[in-house]
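Single-structure report; data block below.
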Amino acid sequence: MSEREWQALTKSEEAFMVSSYEIDILAGVWGDLDDADQSRPVKELAGILLTLIDRGWVEVRRVAPWTSPSGKKGFQSGELVPRDQLPAVLEDPANWEYPNGDWIGAVTLVETEAGKKITRRSREEMAE
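With positions in the sequence shown counted from 1, the corresponding number in this note's numbering is that position plus 14.
What follows is the structure, given as structure tokens:
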């Protein structure tokens, strides 16, 4: 992890990075946002998230069904939402709410390899 890069994140950006680390649906970010951020319009929060996406730290995907080798049903992060569709998807207030029923198709935040360098400490940093 780049401690300097993590420290440079705003509280809002930290919340989105935590959600992507957890591979959480977009609605899950509300629990990580502070009170001031929770009162921001969705369009403003979408703009903050888009900056992390454009840095290559976070991807937006849709929840997809998954079946384990033993036959157990579950979920996984699925199809990547194309960049040109992200403003409309992220500015839709419905995508910021927990879905009724199952989560298939819900917007999910996924940490990229580059994002992992922000949320995890390197061996060198752990040795310090």
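No residue lacks a Cβ here, since even glycine has one placed at the ideal position from N, Cα and C.
Comparing C-alpha positions only, which one of the options sits nearest to residue i?
{"i": "Gly-45", "options": "Leu-94, Tyr-112 and Arg-97", "result": "Tyr-112"}
{"i": "Ile-143", "options": "Val-72, Glu-19, Thr-65 and Gln-21", "result": "As shown, the chain starts at 15 and ends at 142. That puts residue 143 outside it, with no answer to give."}
{"i": "Val-77", "options": "Thr-65, Ile-132, Ala-41 and Leu-23", "result": "Ala-41"}
{"i": "Asp-106", "options": "Ala-60, Trp-20 and Gly-119", "result": "Ala-60"}
{"i": "Gln-90", "options": "Glu-127, Ala-120 and Ile-132", "result": "Ala-120"}
{"i": "Val-124", "options": "Lys-131, Ala-22, Arg-97 and Ile-39", "result": "Ile-39"}
{"i": "Leu-100", "options": "Val-43, Gly-115, Asp-68 and Ile-118", "result": "Asp-68"}
{"i": "Leu-23", "options": "Gly-115, Ile-62, Asn-114 and Val-43", "result": "Ile-62"}
Please work out which residues of its chain come closer than 6 Å, Cβ to Cβ, to residue i, disregarding the five sequence neighbours upstream and downstream, and give them in chain order.
{"i": "Asp-48", "result": "Lys-25"}
{"i": "Gly-88", "result": "Trp-80"}
{"i": "Val-95", "result": "Val-74 and Val-103"}
So, with DSSP's three-state summary, where would you put residue i?
{"i": "Trp-80", "result": "strand"}
{"i": "Thr-133", "result": "helix"}
{"i": "Leu-63", "result": "helix"}
{"i": "Arg-54", "result": "coil"}
{"i": "Gly-42", "result": "helix"}
{"i": "Glu-27", "result": "helix"}
{"i": "Leu-47", "result": "coil"}
{"i": "Arg-18", "result": "helix"}
{"i": "Glu-36", "result": "coil"}
{"i": "Arg-69", "result": "coil"}
{"i": "Thr-126", "result": "coil"}
Hey, how far is the Cα of residue i from the Cα of residue j?
{"i": "Phe-30", "j": "Glu-93", "result": "19 Å"}
{"i": "Trp-20", "j": "Ala-128", "result": "13 Å"}
{"i": "Glu-58", "j": "Ser-82", "result": "38 Å"}
{"i": "Ser-84", "j": "Trp-117", "result": "21 Å"}
{"i": "Asp-51", "j": "Leu-66", "result": "16 Å"}
Only counting the same chain, and skipping five residues up and downstream in sequence, which positions put a Cβ closer than 7 Å to that of residue i?
{"i": "Val-56", "result": "Glu-105, Pro-107 and Trp-110"}
{"i": "Ser-34", "result": "Val-72, Leu-123, Val-124, Glu-125 and Gly-129"}
Might you give, ordered along the chain, the residues of its own chain that have their beta carbon closer than 8 Å to the beta carbon of residue i, omitting 5 neighbours on each side?
{"i": "Arg-97", "result": "Ile-67"}
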